[in-house]
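Engineer: Handing you this structure, nothing more for now.
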Amino acid sequence: MRLSPAVALQAPVLVVSSLPQVEGSRRVTRRLPPFPPGRAGSDAADVAPLAPIRKSLRRFWPYTRGLRRFFVVGVVAAIVATACEVVAISLFGRITDEVLGSGDLGAFWRPAAAWIALAAVAAGASFASAYAAAVGGERFLLRLRDGVFDHLQTLTPDFFDNRRLGDIMARLTDDIEAIEELVVSGLIRLITALISVVFFATAAVFLRWDLALVTFALIPAFVLVSKGFTGRFRKAAARERLNNGVMNSAIEEALSNQALVQAHNRQETESERLHAAGRGWLLANLAQARLSALYGPAVQVVETGCLLTIIGVGAWEIASGRLTLGGLLAFAAYLAYLYPTVRGLGETALTVSEAAAGSDRIIEVLDTPPAVAERPGAAVPVASAPSSGLASPGRGLVEFRDVDFTYPNRSRPTLSGLSFTASPGELIVCTGPSGVGKSTVAKLLLRFYDPTGGRILLDGVDIGEMPFHTLREHVTLLQQENLLFSGTVGDNIAYGRPGADRADRADRADIVRAAVEAGAHDFIRALPQGYDTPVGQRGRLLSGGQRQRIAIARAILRDTPVLVLDEPLTGLDEPTAQRIMEPLRRLMAGRTTILITHDLRLVPDTAEKLVLEPPRSPERPRPFRLSRRPITRLQGVA
């Protein structure tokens, strides 16, 4: 929950708790828990370097373009509310001297009416400040989250393979909200607090300049206390955010794999893993809590000392006849606003430090460049202009020319000297032992990676010179794991054609036609809501064969000249595989098809086979090579 700029200055931000055995602030961050280990992914990949706060502000300030008018309204309205409070305090002093001191009740009504009017104006200004800041902040959140998500979608699969999904999700939620605190809410509070300090300090000077000098001389004590906590608080916040990402990952993995967990009776193991991750998060939060609990009392001690000093000096001046009781009470009222505002500046500094830890993690994501970048001036191959019909002769020519590839952070090549040509409408079977790079062929063709050597051409054009959108509009990938989105059966089939609208009669007919060709129409009609039946998360309400046929229907609707099938029959029982083969053959007809498989049941005798083989022996570490063999030589490979 965020406090409005006007309200946050008056409300206590930190609650002092009586935790037992509170340690000194110097020792707190040394006892933070170690970075927790992850079951999958790189721990180092989750750790973002701490960036200067100025760098964070410069990096994310452009996202406020078009929203700054809300920030201006928020600050101006908060200034109006503060000005009303300053005038109200002067009225309080006047009432004390002129009414309470003399007992003249008639002098009460005019300043009282003015005070009520000021309170109404201050209330309206506080509302305007809070609402304007909320509108600007929430729109900033939406814009930044969209920008980070769009960037994530440009990154290649290896980025996600090396990071915990829960940590990435934490960055898109908690860390982005922290940046809003840094760039919008925290900044508005900081500006408002500074202006409020100027207002109350100026009023105090005009009321009693000598007491004001004593007040200003004591303010550096607040600054020293705040400075001593800021750096430690930021490090503690960074550790808490990392542990939060690990805990989210543990929850996401366990819940998304409940069938496996229960089948292996590993519920206790997953509970222990979550408990360990939760304990790391708990310890990191307690480190922050200790710092907060130490900061509050430290500031209160300084504040109490300052107030007692001012009251002592004021009492001496009253005794000397140089100050009235109303004047002292008014000055004390100014201090009652001034010191909490100064304390609020320190608390804002701590909040900004915590928020900066989140900005570091988002900057780390945004600074990660795509492993494969679209080249300037990319050209669209004339022969492969999109069409609405099936692939026709002269389109879908795929060529691998002496292609080498080594995965990032690996020293051993996956492919070396790979060369083949798939003519339009031709079937090429890519087979061989596990781990020799068969699926890598599909990743290279779709430019999830760029080859480290050689060239890949589509219809005579190097795919590295083509826009991503154009290239991928000409290639359909049917993966080994049939991925479906939460939604309906019809939605998942329509996903194959961007812009397809199931409410449109023509598009609906195309969806049904694709389902019929995929052999899915009959089972879809038997579902409770037909094409409007929800499939559940990742399609888990459907069987494996049903998911496969929906994926085939999606590929048919997509209707591209090049088709890549990656182990399409893996994991299916024999009857289901037999039902799937005929729709797959219809899908392959007329399209350039690269079939990656160990299972040769889909392979006609006339198809050309490519056999990827590893080095013959460890003593002869030759690069991987490509062999061509007739179908009779391949029967034992499956």
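Quick note: the sequence shown uses the numbering used here, first residue 441, plus one each step. Glycine is no exception: its CB is placed at the ideal position from the N, C-alpha and C atoms.
Name, in chain order, the residues that DSSP records as bridge partners for residue 1005.
Structural biologist: Here residue 1005 corresponds to residue number 565 of the sequence shown, with the count starting at 1. BP columns for residue 1005 point to 918 and 1035.
Engineer: If you count every other CB in all the chains shown that lies within 10 Å of the CB of residue 603, and 16 or more means buried, which is it?
Structural biologist: As a position in the sequence shown, residue 603 is number 163, starting the count at 1. Residue 603 comes out buried.
Engineer: Where does residue 888 fall in DSSP's three states?
Structural biologist: Here the question's residue 888 lines up with position 448 in the sequence shown. In this structure, residue 888 counts as coil in the three-state DSSP scheme.
Engineer: Determine, using beta-carbon pairs with one atom in the region 973-987 and one in the region 1034-1041, whether at least three such pairs fall under 8 angstroms.
Structural biologist: These segments do not touch.
Engineer: Taking the alpha-carbon of residue 956 as reference, which of 902, 929 and 1023 has the nearest alpha-carbon?
Structural biologist: For the purposes of this step, residue 956 is taken as the residue at position 516 of the sequence shown. For residue 956, the nearest C-alpha among the options comes from 1023.
Engineer: Could you tell me which of 923, 851, 593 and 638 sits nearest to residue 811, measuring between CA atoms?
Structural biologist: The count along the sequence shown starts at 1 and reaches residue 811 at position 371. It is 593 whose Cα lies nearest to the Cα of residue 811.
Engineer: Buried or exposed: where does residue 794 fall if 16 or more other Cβ atoms within 10 Å of its Cβ makes it buried?
Structural biologist: What you label residue 794 is simply residue 354 of the sequence shown in a count that begins at 1. It counts as buried.
Engineer: Counting beta carbon pairs with one atom in the region 600-614 and one in the region 585-592, are three or more of them shorter than 8 angstroms?
Structural biologist: Yes, the region 585-592 touches the region 600-614.
Engineer: Please state the DSSP three-state secondary structure of residue 861.
Structural biologist: On the sequence shown, position 421 is the one that residue 861 refers to. Of the three classes helix, strand and coil, the one that applies to residue 861 here is strand, per DSSP.
Engineer: Taking the C-alpha atoms as reference points, what is the distance between residue 904 and residue 788?
Structural biologist: Position 464 of the sequence shown, counted from the first residue, corresponds to residue 904. Position 348 of the sequence shown, counted from the first residue, corresponds to residue 788. When rounded, the distance between both Cα atoms is 49 angstroms.
Engineer: Any idea which residues DSSP pairs residue 928 with across the strands?
Structural biologist: As a first step, residue 928 is located in the sequence shown; it is residue number 488 there, counting from the start. DSSP, once it has assigned bridges, lists 974 as partnering residue 928.
Engineer: Mark residue 932 as exposed unless 16 or more other C-beta atoms lie within 10 angstroms of its C-beta, in which case mark it buried.
Structural biologist: The residue given as residue 932 occupies position 492 in the sequence shown. Per the 10 Å Cβ criterion, buried.
Engineer: Apart from the five residues on each side of it in sequence, which residues of its chain come closer than 8 angstroms, Cβ to Cβ, to residue 755?
Structural biologist: As a working mapping, residue 755 is identified with position 315 in the sequence shown. Correct list, in chain order: 768.
Engineer: Give me, in chain order, the residues of the same chain whose beta-carbon lies closer than 7 angstroms to that of residue 985; leave out the 5 immediate sequence neighbours on both sides.
Structural biologist: Along the sequence shown, one-based indexing puts residue 985 at 545. Within the same chain, residue 985 has close Cβ partners 1012, 1016, 1019 and 1020.
Engineer: Starting from residue 839 and walking both ways along the beta strand (DSSP E), at which residues does that stretch end?
Structural biologist: Counted from its first residue, the sequence shown places residue 839 at position 399. First-last of the beta strand (DSSP E) with residue 839: 838-845.
Engineer: Could you check the C-alpha separation between residue 745 and residue 777 for me, to the nearest Å?
Structural biologist: In the sequence shown, residue 745 corresponds to position 305, counting from 1. In the sequence shown, residue 777 corresponds to position 337, counting from 1. Distance between the alpha carbons of residue 745 and residue 777 is about 16 angstroms.
Engineer: Does the beta-carbon of residue 500 have 16 or more other beta-carbons within 10 angstroms, so that it is buried, or is it exposed?
Structural biologist: For the purposes of this step, residue 500 is taken as the residue at position 60 of the sequence shown. Buried: at least 16 other Cβ atoms inside 10 Å.
Engineer: DSSP has residue 895 in a bridge; who is on the other side?
Structural biologist: On the sequence shown, residue 895 is found 455 positions in, with the first residue counted as 1. Per DSSP, 841.
Engineer: Between residue 623 and residue 494, what straight-line distance do the alpha-carbon atoms span, to the nearest angstrom?
Structural biologist: In the sequence shown, counting from the first residue as 1, residue 623 sits at position 183. In the sequence shown, counting from the first residue as 1, residue 494 sits at position 54. Taking the straight line joining both Cα atoms gives about 10 angstroms.
Engineer: Under three-state DSSP, which class holds residue 855?
Structural biologist: Residue mapping note: residue 855 aligns to position 415 of the sequence shown, counting from 1. Residue 855: strand per DSSP, three-state reduction.
Engineer: Assuming the contact rule is C-beta atoms closer than 8 angstroms, residue 612 and residue 585 should be a hit. Round their C-beta distance to whole Å, please.
Structural biologist: Working through the sequence shown from its first residue, we reach residue 612 at position 172. Working through the sequence shown from its first residue, we reach residue 585 at position 145. Their Cβ separation, rounded to whole angstroms, is 6 angstroms, which keeps residue 612 and residue 585 in contact under 8 angstroms.
Engineer: Rounded to whole angstroms, what is the Cα-Cα separation between residue 890 and residue 726?
Structural biologist: Taking the first residue of the sequence shown as position 1, residue 890 is located at position 450. Taking the first residue of the sequence shown as position 1, residue 726 is located at position 286. Computed Cα separation, rounded: 46 angstroms.
Engineer: Measure the alpha-carbon distance for residue 739 versus residue 782 and round it to whole angstroms.
Structural biologist: Indexing the sequence shown from 1 puts residue 739 at position 299. Indexing the sequence shown from 1 puts residue 782 at position 342. Computed Cα separation, rounded: 10 angstroms.
Engineer: Quick check on the burial criterion: 16 or more other C-beta atoms within 10 angstroms. Buried or exposed for residue 632?
Structural biologist: Position 192 of the sequence shown, counted from the first residue, corresponds to residue 632. By the neighbour-count rule (16 or more Cβ atoms within 10 Å), residue 632 is buried.
Engineer: Would you say residue 887 and residue 798 are within 8 angstroms of each other, going by their C-beta atoms?
Structural biologist: Here the question's residue 887 lines up with position 447 in the sequence shown. Here the question's residue 798 lines up with position 358 in the sequence shown. Their beta carbons are not under 8 angstroms apart, which means residue 887 does not touch residue 798 by this criterion.
Engineer: For the alpha helix (DSSP H) that contains residue 548, what are its first and last residues?
Structural biologist: Here residue 548 refers to the residue found at position 108 when the sequence shown is read from its first residue. Here residue 548 belongs to no alpha helix (DSSP H), and DSSP marks it neither H nor E.
Engineer: For residue 902, which three-state DSSP category applies?
Structural biologist: As a working note, residue 902 is residue 462 in the sequence shown. Strand, per DSSP.
Engineer: For the alpha helix (DSSP H) containing residue 607, name the first residue and the last one.
Structural biologist: Numbered from 1 along the sequence shown, position 167 holds the residue referred to as residue 607. Run containing residue 607: 605-610, per the alpha helix (DSSP H) assignment.
Engineer: Taking the continuous alpha helix (DSSP H) assigned at residue 754, which residues delimit it?
Structural biologist: Here the question's residue 754 lines up with position 314 in the sequence shown. Run containing residue 754: 707-759, per the alpha helix (DSSP H) assignment.
Engineer: Pull up the distance between the alpha-carbon of residue 473 and that of residue 807, whole angstroms please.
Structural biologist: Here the question's residue 473 lines up with position 33 in the sequence shown. Here the question's residue 807 lines up with position 367 in the sequence shown. Reliability of the predicted coordinates at residue 473 is poor, the pLDDT of 39 falling under 50, and the value obtained from them is presented with this limitation in mind. Distance between the alpha carbons of residue 473 and residue 807: 27 angstroms.
Engineer: Tell me which residue opens and which closes the alpha helix (DSSP H) that residue 650 is part of.
Structural biologist: As a working mapping, residue 650 is identified with position 210 in the sequence shown. It spans 649-658 - the alpha helix (DSSP H) in which residue 650 sits, taken as one unbroken run.
Engineer: Thinking C-alpha only, which one of 578, 1029, 527 and 512 is nearest residue 771?
Structural biologist: Mapped onto the sequence shown, residue 771 falls at position 331. Of 578, 1029, 527 and 512, the residue nearest in Cα terms is 527.
Engineer: With C-beta atoms as the reference, is residue 960 less than 8 angstroms away from residue 978?
Structural biologist: To locate residue 960, count along the sequence shown from 1; it is residue 520. To locate residue 978, count along the sequence shown from 1; it is residue 538. Taking 8 angstroms as the Cβ cut-off, residue 960 and residue 978 do not qualify as a contacting pair.
Engineer: Mind reading off the beta-carbon distance from residue 844 to residue 894? Whole number of angstroms is fine, and I expect it under 8 angstroms.
Structural biologist: In the sequence shown, residue 844 corresponds to position 404, counting from 1. In the sequence shown, residue 894 corresponds to position 454, counting from 1. Yes, they are in contact, since the Cβ atoms of residue 844 and residue 894 sit about 6 angstroms apart, within 8 angstroms.
Engineer: What is the C-beta distance between residue 644 and residue 735, in whole angstroms, given that I count them as a contact (C-beta under 8 angstroms)?
Structural biologist: Within the sequence shown, numbered from 1, the residue matching residue 644 stands at position 204. Within the sequence shown, numbered from 1, the residue matching residue 735 stands at position 295. The pair is not a contact, with the Cβ atoms about 25 angstroms apart (cut-off 8 angstroms).
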